[in-house]
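Encoded as structure tokens, the structure appears first; notes follow it.
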Amino acid sequence: MTVEVKICGVRTPASLDAAIAAGADFVGLVFFAKSPRNLSPADAERLATAARGRVKTVAVLVDPDDALIDTIAVDVRPDVLQLHGSETPERAAAIKAKTGLTVFKAVPVAEAADVSAAARYEGIADRILFDAKAPAGADLPGGNGLRFDWAILEGASAPFALSGGLDASNVAEAIRLSGASLVDVSSGVETAPGEKDPGLIAQFVQAARGAAPEHKKAS
Ligand SMILES: O=C(O)c1ccccc1N[C@@H]1O[C@H](COP(=O)(O)O)[C@@H](O)[C@H]1O
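Numbering (the working numbering), first residue to last: 16 to 234.
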């Protein structure tokens, strides 16, 4: 099984090109004012236009209102909406119905009970994205470079995505322990918050491609 890769927080044409050259499947465009990766809809539209037909784009949103969703869906035209806030299953379903887009729902994880709680999004979200729970009072709900115990995902319903503190040195182990079919990285391919590094992006994609979940490996 090939594990898909998402490079999140792409802000420049050079970073977009680096992700495509490395063979990423998705790039994430972040719409969250407090993030060092935040984009205006106009800048995101330019990047999404450059990406079209080369790599899938994911709009990363945190509790978006309908006006922002309309702007993103009409102007940016991403392939996927990633809901990274406290959106309820009902809200996620309404956003999916309104836009007709694929929806990834991020679920914050600190312990096994958080993984079970993701079941309420089954049949609504196209993919659950398990991300490390941000510390209380953190500015960002994601993109903090924090990880959690990947082994607690062993019983999660597949297919799911994994993020939180991944980098080229640990992504193969994360895939092996969790069984994730998509891995998502932001801080782990940066030299400073919001500054993507082409070499780190290439190393990350290569490391993820070489990995296979434990239970999928040939004996
Ligand atoms: O990256 C951000 O700035 C961000 C802001 C708001 C919501 C989500 C965000 N990113 C998501 O966080 C994880 C990756 O984080 P990291 O690799 O630990 O830095 C991933 O799901 C991003 O899509």
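Positions of the beta carbon are idealized from the N, C-alpha and C atoms, including for glycine.
- Cβ atoms of leucine 44 and valine 89 stay farther apart than 8 Å, at about 15 Å.
- Annotated as proximal: aspartate 199 and leucine 177, with beta-carbon spacing under 8 Å.
- By the Cβ criterion, the region 204 to 222 is not in contact with the region 145 to 153, since fewer than three pairs of Cβ atoms, one from each stretch, lie closer than 8 Å.
- With 16 or more other Cβ atoms inside 10 Å of its own Cβ, lysine 21 counts as buried.
- Sorting Leu197, Val220, Gly214 and Ala222 by C-alpha distance to the C-alpha of valine 18 places Leu197 at the top.
- When the beta-carbon positions are compared, alanine 166 and glycine 194 stay at least 8 Å from each other.
- Spanning the alpha carbons of threonine 114 and aspartate 85 requires a straight line of approximately 8 Å.
- Per DSSP, threonine 64 is one residue of the alpha helix (DSSP H) stretching across 56 to 66.
- A straight-line Cα-Cα distance of about 26 Å links valine 130 and aspartate 94.
- Leaving aside the five residues that flank serine 50 on each side, the residues in its chain whose CB is nearer than 7 Å to its CB run, in chain order, Leu155 and Gly158.
- With 16 or more other Cβ atoms from the protein chains shown falling within 10 Å of its own Cβ, serine 30 counts as buried.
- Taking the Cα positions, leucine 62 is about 24 Å away from aspartate 141.
- Contact between the region 75 to 82 and the region 30 to 40 is not established, with fewer than three Cβ pairs separated by less than 8 Å.
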